[in-house]
Amino acid sequence: MTTPETKHGFETGPTSVSEDQVADRLSIRTLIDAYAHYADSREPELQYGLYTPDGRTLVYRESGESEPVQVLTTHDQHVEGFAALSQYIATTHFNGQSVITSLTSSTATVESYCFAHHVLANDDGRTLIVMSIRYEDSLVKTTRGWRFAERKLVIVWTDNRPLRP
């Protein structure tokens, strides 16, 4: 039976966590933060390096969509997809909560949230595009550390507004 304390991977009651699990949880959070950092610093090769060799990314424009609008499976597709952020004069990704819903010594399932801010320059001035993103990740622990085997990027909502100088 699922209780409020364990639903969606939350454990709010007394629990014992091994040192290995603590290290894995910290490494997983570092992986998620590195993805955002490499996106904002426009380092698509390093961003792709956070994936397993057969890792893939699926992009959904809205919650509840059954089919992704974009699927990246190869190195070149990922690098090209990540490089698309160069159309913006600046981006800032703020990572929020991450819930590890499953964790073994070699695999993990994680749901995490992000507010992604994109500044776009156009003929009318600058526009701020804010996206609420939910990531649904399947991770694998490799000899290089935790890596994305699959990353589902779900755009929950988007807001566009003029940005004043």
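So in the working numbering, the last spot in the sequence shown is 154, and the numbers never skip.
We treat Cβ as the ideally placed atom computed from N, Cα and C, and that holds for glycine.
This structure is a prediction, so every number in the text was calculated from the model and none was measured.
Exposure of residue i, with buried meaning 16 or more beta-carbon neighbours within 10 Å
{"i": "arginine 150", "result": "exposed"}
{"i": "tryptophan 146", "result": "exposed"}
{"i": "serine 5", "result": "exposed"}
{"i": "proline 154", "result": "exposed"}
{"i": "valine 143", "result": "buried"}
Among the options, the one whose alpha carbon lies nearest that of residue i
{"i": "glutamine 83", "options": "Leu74, Asp126, Cys103 and Thr90", "result": "Note on residue identity: the sequence assigns phenylalanine, not glutamine, to residue 83. For phenylalanine 83, the nearest C-alpha among the options comes from Cys103."}
{"i": "valine 88", "options": "Ser127, Glu69 and Gln76", "result": "Ser127"}
{"i": "serine 16", "options": "Ser94, His64, Pro57 and Ser30", "result": "Ser94"}
{"i": "serine 7", "options": "Ala28, Tyr40 and Leu92", "result": "Leu92"}
{"i": "leucine 35", "options": "Tyr24, Ala79, Val143 and Thr98", "result": "Tyr24"}
Identity of the residues DSSP links to residue i by a beta bridge
{"i": "glycine 134", "result": "Thr131"}
{"i": "glutamine 59", "result": "Val48"}
{"i": "leucine 152", "result": "Arg115"}
{"i": "alanine 110", "result": "Arg115"}
Residue span of the alpha helix (DSSP H) that contains residue i, given as start and end
{"i": "glutamine 36", "result": "33 to 37"}
{"i": "glycine 53", "result": "Run containing glycine 53: none; DSSP gives neither H nor E here."}
Near the ligand SAM: residue i beta-carbon under 7 Å from a heavy atom
{"i": "histidine 67", "result": "Inclusion of the ligand SAM in the displayed structure is not the case, the ligand content being empty and no account of it being possible."}
Own chain residues within Cβ distance below 8 Å of residue i, not counting five before or after
{"i": "isoleucine 21", "result": "Asn84, Ser87, Val99, Ser101, Tyr124 and Asp126"}
Cut-off 7 Å between Cβ atoms - residues of its own chain near residue i, not counting five sequence neighbours on either side
{"i": "methionine -10", "result": "The pLDDT assigned to methionine -10 is 49, lower than 50, so where the model puts this residue is not dependable; a value taken from the coordinates is nonetheless given after this. If we look at methionine -10 and ignore the five residues flanking it on each side, it has no Cβ neighbours."}
{"i": "alanine 79", "result": "Val108"}
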